[in-house]
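Mapping the sequence shown onto UniProt numbering, position 346 (from 1) lands on 346, and the numbers just tick up by one. Every residue, glycine too, gets a C-beta built ideally from N, C-alpha and C. Bear in mind the structure is a predicted one, so any value in this text is a computation, not a measurement. One structure is given below, encoded as structure tokens.
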Amino acid sequence: MYLPSLIMTFIILTLLMSFVYFYMFARSQERYVRFWGLCWVAYSFSLLFLILYLNMNAIQLMEFRKIFDMANILFLLFGAYAFMHTQIPTYWHRFTLYLAMWLILGIYYRFDLLSIYLPISLYQIIITAMLCHIVYRYWKVPQFEKGLSIAVFILWGAGKAVMSLFEVHYYNLSSLYLMEIIFSNILNFCIFIIYLQKTRTEVAIAERLYRIIAENATDVIFYYTLKPQPAFTYISPSIESLTGYTSDDFYNNPRFYFELVPSEFFDDIKSIFQGTSHYGHDTTFLLLHKNGSTLWGEFNSTVLYEDQEPMAVEGIIRDVTRMKNAENQLRSSKHSRDLLLSYISHELKTPITSILGYVNALNDGTLHQEDEKKAAMEIISSKALTLEHLINDLFQLSKLENNQFSFTFMHFSALELSRQLVHQHLLDIKTAGIKPVIEIDSASLTDINVIVDPKRIDQVFSNIIFNAIKYTKPGDKIKIKFCTDRIAKKYVVSISDTGKGISQEDLPNIFDRFYKSHTPVYNGRESGSGLGLTISREIVTSHGGEISAKSTLGKGSTFTFSIPIYEE
């Protein structure tokens, strides 16, 4: 009675352990773990039939037990296939089904035990051999654990096969049953070790992948603990490329985040790293780079709680400078559009009002003298030309800013270009009663060539010349100089007048669209559209050059533009 009681105790303990393992394995998402969980469910039912047999001594119960023994070792094999991520061959299903049908027929027709148990023993040996082959060839586990697994699987499979044959000839096998149950727990333990090793390996791989991703990401990933002491537990190396500060700077100083922002953002960034921010998950700050430059950074942070107390803050810092600049450009574009509509409505209204007024006067006979009609027609013609110039300027500027403007670039002599520009505008200067002073540095310009669209360069030159004429009184001078820069890399054109000059208030804005100087023009000369210098800047920029202005109010202005010299 002592041995059967001991067997019963071990059976009950093994059943409990088997169901614990199944519960643990069933919660896992891995297929191999689930198969091994089913393996121990099958063995649990096998033990239940063993309990019934020990109490009832009915041999049919042992025969039914063999079905669950087959399922037990079959699920071990399926778990081995799943462990190496290989599809399970369908012949194992057929093999098991045929043998189960043979077993059921044997029970029904009361075959002798050897006829039933011998095929099952062969089945267990074949599966054990395949199981050990898979472990040896394909499992990527340490050699010690691989050898231990093979040894345990051989002892289990071969032991179960031998026990089946012993059961044919012997009925009092209590000692063997006890050994089987003890060994099943050893097998359980072995599988549990494999499971832990696999889990540990997967965790190590996941951690390595996480570090690879974190350390190669352009965004900064950080983990900041609040308790027991505030500290940066992790901050990715990309913090150095973003801010110029190294990860060690943050590890050595838990409050180093104050170095990232101007003083007006101290309270905001402090609330993020204390887990008390009221701004939500995404907050944008102006960040200070170590080299003194600034950029915009977006903080996406999450507070981690334990017992309703903030314990840590994890998050990402992303460079959103481009996005911020795009937003600013969008606002600027909207403002420019509103300004354009306002400007067009204002600039078009004046000439159109004049044209309509004189046309109505001509139609209703208010102007009946020939000289009055002639003067009215001249004004109408002048206002129409003003409208045409305005529309052309707007059209040109729109195409320039959208890179739709076509240029006809050609290889041109700098000396010849200088003479051509002077020739085309010399009469305009003289007609205005202004004395031109022309200085062409032939020595420096000889054999110098530029790649230009001469028609567009003439447009730039014309805009500057006519501005100079508008603000220079008759009898004064306009000086035009053509030369190269000091290192002979640029072709330089400079136009200086002795007119009214431009105030320091207006000077920074003169190349802006629609901007008009507050300096009045001389009597009889019309003010421009406010687009000429803007168009000139776009044309010069398209040539790879630069344009600038210097002025002293009451003494005159100097406009200079330069174009790169062509080098063969």
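CB contact flag (residue i, residue j, <8 Å)
i, j, result
"S557", "D512", "no"
"I186", "G157", "no"
"residue 569", "D447", "The chain is shown from 1 up to 568; residue 569 falls before or after that span and cannot be answered."
"A71", "A42", "yes"
"F64", "F49", "yes"
"L242", "V261", "no"
"V450", "I438", "no"
"L426", "I457", "no"
"Y471", "K430", "no"
"G530", "G475", "no"
"T560", "S494", "yes"
"I355", "A384", "yes"
"K66", "L16", "no"
"I478", "P436", "yes"
"I272", "S301", "yes"
Where residue i sits in the DSSP three-state scheme
i, result
"T560", "strand"
"N328", "helix"
"T534", "helix"
"M311", "strand"
"K555", "coil"
"F409", "coil"
"A549", "strand"
"K490", "strand"
"L287", "strand"
"E568", "coil"
"E372", "helix"
"T484", "strand"
"I502", "coil"
"G365", "coil"
"P454", "helix"
"N253", "coil"
"E202", "helix"
"A129", "helix"
"D248", "helix"
"Q124", "helix"
"N467", "helix"
"I510", "coil"
"P237", "coil"
"Q87", "coil"
"W139", "coil"
"D267", "helix"
"N57", "coil"
"T541", "helix"
"V261", "coil"
"G275", "coil"
Sequence-distant residues of its chain with Cβ nearer than 6 Å to residue i (five each side left out)
i, result
"A231", "T225 and P254"
"S562", "K490, V492, G545 and E546"
"T283", "F299"
"Y245", "K290"
For residue i, the residue or residues it bridges with in DSSP
i, result
"residue 598", "Outside the displayed span of the chain (1 to 568) sits residue 598, for which this structure offers no information."
"Y109", "Its beta-bridge partners do not exist; DSSP assigns none."
"F232", "Y224"
"T431", "None; T431 has no bridge partner."
"D282", "N300"
"N449", "S413"
"P436", "I478"
"Y305", "P310"
"D497", "I478"
Proximal residues to residue i (C-beta, below 7 Å), its chain only, five neighbours per side dropped
i, result
"G79", "Y32, F35, W36 and C39"
"I191", "W36"
"F45", "F68"
"E145", "I193, I194 and Q197"
"S121", "A161, S164 and L165"
Same chain, Cβ closer than 8 Å to residue i, five either side skipped, listed in chain order
i, result
"L52", "A58 and L61"
"T276", "P310"
"N523", "Residue placement at N523 is poorly supported in this model, since its pLDDT is 44, which falls under 50; the coordinates still yield a value, given next. Cβ within range, chain order: n/a, list empty."
"D428", "I465, F466 and I469"
"G106", "E63, S115 and I116"
query = Can you find at least 3 beta carbon pairs, one from the region 548 to 555 and one from the region 487 to 505, that sit closer than 8 Å?
reply = yes
message = With three or more beta-carbon pairs closer than 8 Å as the criterion, would you say the region 91 to 100 touches the region 135 to 152?
response = Contact fails: fewer than three Cβ-Cβ distances are below 8 Å.
task = Would you be able to state if there are at least three C-beta pairs under 8 Å between the region 306 to 320 and the region 226 to 245?
result = A contact is defined here as three or more CB-CB pairs under 8 Å, and the region 226 to 245 meets this definition with respect to the region 306 to 320.
inquiry  = Contact between the region 197 to 207 and the region 231 to 250 is defined here as three or more beta-carbon pairs at a separation below 8 Å; is this criterion met?
reply    = In short, these stretches do not touch, since the Cβ pair count stays below three.
Given 8 Å, three or more beta-carbon pairs between the region 373 to 385 and the region 403 to 419 = Cβ pair count under 8 Å is below three, so no.
query = Can we say the region 101 to 116 touches the region 129 to 142, given the rule of at least three CB pairs closer than 8 Å?
reply = They do not touch, by the three-pair rule.
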